[in-house]
Amino acid sequence: MIFSVKFLCYLDVLHDIWIYCRYVFSGTSSKVSDTTSSNTQDFHNIKQPSNHILEDLLQIELPRMIYTKPQILKPPRCDVLMMTPWFAPIVWEGTYNSEILNEQFQQRNDTVGLTVFAIKKYVVFLKTFLETAETYFMVGHRVNYYIFTDRPEEVPKVALKEGRNVVVLQVQNYPRWQEISMRRMEMLSYFSQQRFINEVSYLVCVDVDMKFNDQVGVEILSDLFGTLHPGFYTAERRSFTYERRPASQAYVPSDEGDFYYMGSIFGGTVKEVYKLTKKCHEAIMVDKANGIEAIWQEESHLNKYFLYHKPTKILSPEYMWDDNLGRPEILKKRRFLAVPKNHAAIRNK
Numbered sequence: 001m002i003f004s005v006k007f008l009c010y011l012d013v014l015h016d017i018w019i020y021c022r023y024v025f026s027g028t029s030s031k032v033s034d035t036t037s038s039n040t041q042d043f044h045n046i047k048q049p050s051n052h053i054l055e056d057l058l059q060i061e062l063p064r065m066i067y068t069k070p071q072i073l074k075p076p077r078c079d080v081l082m083m084t085p086w087f088a089p090i091v092w093e094g095t096y097n098s099e100i101l102n103e104q105f106q107q108r109n110d111t112v113g114l115t116v117f118a119i120k121k122y123v124v125f126l127k128t129f130l131e132t133a134e135t136y137f138m139v140g141h142r143v144n145y146y147i148f149t150d151r152p153e154e155v156p157k158v159a160l161k162e163g164r165n166v167v168v169l170q171v172q173n174y175p176r177w178q179e180i181s182m183r184r185m186e187m188l189s190y191f192s193q194q195r196f197i198n199e200v201s202y203l204v205c206v207d208v209d210m211k212f213n214d215q216v217g218v219e220i221l222s223d224l225f226g227t228l229h230p231g232f233y234t235a236e237r238r239s240f241t242y243e244r245r246p247a248s249q250a251y252v253p254s255d256e257g258d259f260y261y262m263g264s265i266f267g268g269t270v271k272e273v274y275k276l277t278k279k280c281h282e283a284i285m286v287d288k289a290n291g292i293e294a295i296w297q298e299e300s301h302l303n304k305y306f307l308y309h310k311p312t313k314i315l316s317p318e319y320m321w322d323d324n325l326g327r328p329e330i331l332k333k334r335r336f337l338a339v340p341k342n343h344a345a346i347r348n349k
């Protein structure tokens, strides 16, 4: 209430200043003499503002945004594709200003949900995942870590910054790792509708056998985003490992396709992630009823979805990299890295 009263006082002073300026600068002397009696009365009724209000007015700090002016004729990167044919930006280091983005995001007061599945022995990756996320993921913003696991008692305790929470969601496991992978779409669609829609504005869905290695912030957020596969970002369409069997719901014809997207990191608003995961889960279930399993399980269905429902933003391979692929010159940052592991030992336990 104190703030409201002071603010009204400021408005009152500004109103008096406006009346004064209108009276003094209303034109020639003849116009001044023609000023309506009501305006003259207003002018003579101007109250002398108290000194403390004038001092406060002079001390008001207006928000400032100081940064280098964008250069229309000088693109920030000339060595990579920065925009798709459907006007979706591709996010690379040097193509955005994180200070501007963070300032705008703070005004919205949104929370971001980060989902991971730690089923069976994959729970061993959680400690490194969470610790590096606290260092690099959405720094300065509110985050809910949604951990899907069949071993809730093994979820490690990690020190969290203010406004960041771990939420453990217990789910069942399945004998085959492929089945576990495909069931992710089912769980994400269910919880998006039942819970996430009420708790967060955006979802970032990632694999747990990863670690954050550099800043991953609000520059990735959009209605719907996907990530370029690090093994195919320079490949021709014919090399993409889409599902090529027409009998599968994930089928993509050989003459179609924009990019090959990685299933390890995607996301968007809760509404859009719900639509994506629901569609993919339904397609997976149709395939299963017909005795078909797409070549790369849910990743194949994700690529089919992105073909006909274009993402509004695409993340470069900076956001999903494997150091076994080397370090090409165009890769200025390695933000999200695969953790070395023995797949056979982890998946079959």
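In terms of the UniProt record's numbering, the sequence shown opens at residue 1 and continues consecutively. Think of the CB as a built atom: it goes at the ideal place given N, C-alpha and C, for glycine as much as any other residue.
- With 16 or more neighbouring CB atoms inside 10 Å of its own CB, alanine 250 falls in the buried class.
- Three or more Cβ pairs closer than 8 angstroms define a contact, and the stretch 261-273 meets that threshold against the stretch 221-231.
- Within the stretch 64-122, the beta strand (DSSP E) runs of at least 3 residues that lie entirely inside it are, in chain order, 111-118.
- Straight-line spacing of the CA atoms in arginine 142 and lysine 161 works out to 9 angstroms.
- The alpha-carbon separation between threonine 132 and leucine 114 amounts to approximately 13 angstroms.
- A contact between stretches requires three or more CB pairs, one per stretch, nearer than 8 angstroms, and the stretch 106-125 fails this requirement with the stretch 82-96.
- Taking C-alpha positions only, valine 218 is separated from serine 300 by approximately 27 angstroms.
- One Cα belongs to lysine 69, the other to cysteine 280, and the distance between them is close to 42 angstroms.
- The beta carbons of glutamine 215 and valine 139 sit about 7 angstroms from each other, so the pair counts as a contact at 8 angstroms.
- From the listed residues Met185, Ser222, Tyr146, Asp258, the smallest Cα separation to arginine 237 is found for Asp258.
- Taking a contact as a CB-CB distance under 8 angstroms, the pair glycine 268 and aspartate 223 counts as one, their CB atoms being some 5 angstroms apart.
- Residue pairing for leucine 325: DSSP places it in no beta bridge.
- Residue Leu221 holds the alpha-carbon nearest to the alpha-carbon of proline 311 among Val124, Leu221, Lys278.
- Cβ neighbours of alanine 159 within its own chain (closer than 8 angstroms, five residues either side excluded): Glu134.
- Within its own chain, the residues whose Cβ lies closer than 8 angstroms to the Cβ of valine 155, once the five positions on either side in sequence are excluded, are Ala118, Val123, Leu126, Ile147, Thr149, Val166, Val168, listed in chain order.
- Excluding the 5 residues flanking it on each side, tyrosine 67 has same chain C-beta neighbours closer than 6 angstroms at Asn97, in chain order.
- Under DSSP, the beta-bridge partners assigned to phenylalanine 148 are Phe117, Leu169.
- Residue pairing by DSSP places valine 204 opposite Leu114, Gly267 in a beta bridge.
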